[in-house]
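One structure below.
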């Protein structure tokens, strides 16, 4: 007969300095875990900074029934990409070693002791043994779970703050699968969820694994502030899985032996024998496509941001191009998620909607379009000579399809006032390129339009809530609409999504969101529409940039992902784009002479260097 235990882990939407709210969510998750019969819940493993002997550590506080069992400092710190832990913390550089930690006086009274164990230790209960690792440690070559498993630890907990990026979940899950497949054992993974108040989103997706198989997987994208998942596991399955001779010899020879902190706690006392209890069966992993991840992640992020920041809604300059179209579709995705949460009875979402949206007599929106009309505002800002009727109509059609509060206006008056300022002050009349003007004149006149649109957007964001009688005050948050590829060459991005992924997302949303008008955006020629349209000339983004968006995406990935500089990128592209290369049937790359490739690489890095400082100012 096996020994069945029920364990739990969770996703919590926690916010810095929200002490009351954070506590409520932790307590709520404990209640849910207990109701499900769990004996171990990962957030009894609580994270906090601890100063020990005048050194700051990132620690796990392991608690049991209101008492601290020990404090486990983080061994490996994340110090690349988004993370700079070493700015604030030091790693614990002595694996398996421990010291005594002198508790603060207020905690001493609660603990009934003056000291607790501090260091790399594990917990031994009556029926099993478990240890903790933290976030980055799962990703390191010398991961602690390997050594703990060889020393008899059967359950490993991991509390993470792992942010979302496209398709990252598959890598994260693979690490946990391989950890438990190699060593055997149970792995409880918890991850922060929600927006971080800046530019990142944490995608939760708590998981429980055993012996290389997934038993439970939480939601990766959800508006629920608290989610608890549980699994019932036979501890004898772990012991049987680990019984191979090879592993036994390696464990016997392991030099890392952990201090075992003994407790009289049992995950499932023998007197609680339940003959109806059954082990949780393995399940396949749940993955989303790139298009689904874009829709769900950005929708969750935008909702978290707007409900926390005190603004009255969003405003988007809707140009009729694919980038602002994608941003609008993302907001519509947010509204779809909110309506689904309302239908599921999510009380926190319902309270937030009542605060943000103006519905009479406590009514709630029934469709995404109804909600969109209350909190999302779009503005088309045209010019009589530069703007086409096609972009104006596309913007109007999309706004009608998603239900946004749409404003259609022209900025000719503002533009001419600024242009005349130059004429009257400098006695010089600037001209567009198509009118015979220089590059400086052409850019000046384009920038007057672009900056006038920016100022106009913020003006309307400030006044629209008042004119519409919005509850709660506050202005609208203005959303940008330039993709990551454009930011590499000098535009501010709304996020880290390149043109190719944006197009796939729009094509996906056309069907899945039932928005037929999106098809017109996919076939339209990208144009900023900042220069006059003539019978022989229509401004094109790709012509202005000197490269296509596909080429821009390729160079952006080589710079960021492959970490190539100008010379390394030139060498790589020379192999991929050279006109004299040997082509295969699946080779669809362009063909250029070496001098042409060099010119594109120089142009790319020239504009990237000029404009790199602009990127951090955009929230998405």
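Numbering (the UniProt record's numbering), first residue to last: 1 to 620. We put the beta carbon where it would ideally sit given N, CA and C, even for glycine.
Would you kindly report the start and end of the unbroken beta strand (DSSP E) that includes residue i?
i           : result
residue 11  : 4-12
residue 556 : Premise fails: residue 556 lies in the alpha helix (DSSP H), 549-560, not in any beta strand (DSSP E).
residue 34  : Residue 34 -> not in any beta strand (DSSP E); alpha helix (DSSP H) instead, spanning 19-35.
residue 410 : 405-410
residue 203 : 201-203
residue 454 : Careful: residue 454 lies outside any beta strand (DSSP E), inside the alpha helix (DSSP H) at 439-467.
residue 234 : 226-234
residue 317 : 313-317
Assuming residue i contacts residue j under a Cβ cut-off of 8 Å, what Cβ separation, rounded to an integer in Å, is found between them?
i           : j           : result
residue 318 : residue 395 : 4 Å
residue 101 : residue 71  : 6 Å
residue 56  : residue 83  : That belief does not hold up - the Cβ atoms of residue 56 and residue 83 are roughly 16 Å apart, past 8 Å.
residue 422 : residue 456 : Not quite, the Cβ-Cβ distance comes to about 19 Å (not below 8 Å), so this is no contact.
residue 190 : residue 9   : 5 Å
residue 250 : residue 150 : 6 Å
residue 173 : residue 285 : 6 Å
residue 610 : residue 570 : About 19 Å separates the two Cβ atoms, so there is no contact after all.
Mark residue i as exposed unless 16 or more other C-beta atoms lie within 10 angstroms of its C-beta, in which case mark it buried.
i           : result
residue 86  : exposed
residue 345 : exposed
residue 74  : buried
residue 335 : buried
residue 176 : buried
residue 11  : buried
residue 576 : exposed
residue 221 : buried
residue 194 : buried
residue 216 : buried
residue 147 : buried
residue 14  : buried
residue 452 : buried
residue 43  : For residue 43, the predicted model reports a pLDDT of 46, less than 50, meaning its position is unreliable and no value from the coordinates is stated.
residue 268 : buried
residue 227 : buried
residue 45  : buried
residue 432 : buried
residue 4   : buried
residue 144 : buried
Identify the residues that DSSP records as bridge partners of residue i: which are they?
i           : result
residue 160 : 191
residue 51  : 56
residue 627 : Beyond the ends of the chain as shown, which are 1 and 620, falls residue 627; an answer cannot be given.
residue 256 : Bridge partners of residue 256: none, in fact.
residue 101 : 116
residue 380 : 408
residue 83  : According to DSSP, which records beta bridges pairwise, residue 83 is partnered with nothing at all.
residue 207 : 189 and 217
residue 578 : 592
residue 132 : 157
residue 124 : 129 and 262
residue 45  : 62
residue 40  : 7
Along the chain, where does the alpha helix (DSSP H) containing residue i start, and where does it finish?
i           : result
residue 290 : 290-309
residue 370 : 368-375
residue 500 : 499-512
residue 476 : Residue 476 -> not in any alpha helix (DSSP H); beta strand (DSSP E) instead, spanning 476-478.
residue 326 : 322-343
residue 170 : 168-183
residue 399 : 389-402
residue 520 : 518-523
residue 349 : 347-356
residue 281 : Segment: none, residue 281 is in no alpha helix (DSSP H) and carries neither H nor E.
residue 149 : 144-150
Flag residue i as yes if its beta-carbon sits less than 8 Å from any beta-carbon of chain D, otherwise no.
i           : result
residue 388 : Although the question refers to chain D, the structure presented lacks it and comprises just one protein chain.
For the stretch 294-309 against the stretch 318-337, are there 3 or more C-beta pairs whose distance is under 8 Å?
yes
Touching by the beta-carbon criterion (3+ pairs, under 8 Å), the stretch 17-33 and the stretch 234-242
no
Segment contact flag, the stretch 154-171 with the stretch 124-131, C-beta cutoff 8 Å, min 3 pairs:
yes
The stretch 348-356 / the stretch 496-514 touching (three or more Cβ pairs under 8 Å):
no
Inter-stretch contact at 8 Å, needing at least 3 Cβ pairs: the stretch 167-185 / the stretch 201-209:
yes
Contact the stretch 450-466 vs the stretch 251-266: 3+ CB pairs below 8 Å:
no
Stretch pair the stretch 265-277 + the stretch 305-320: three plus CB contacts closer than 8 Å
no
Within the chosen definition, does the stretch 20-37 reach the stretch 257-266 through at least 3 CB pairs nearer than 8 Å?
no
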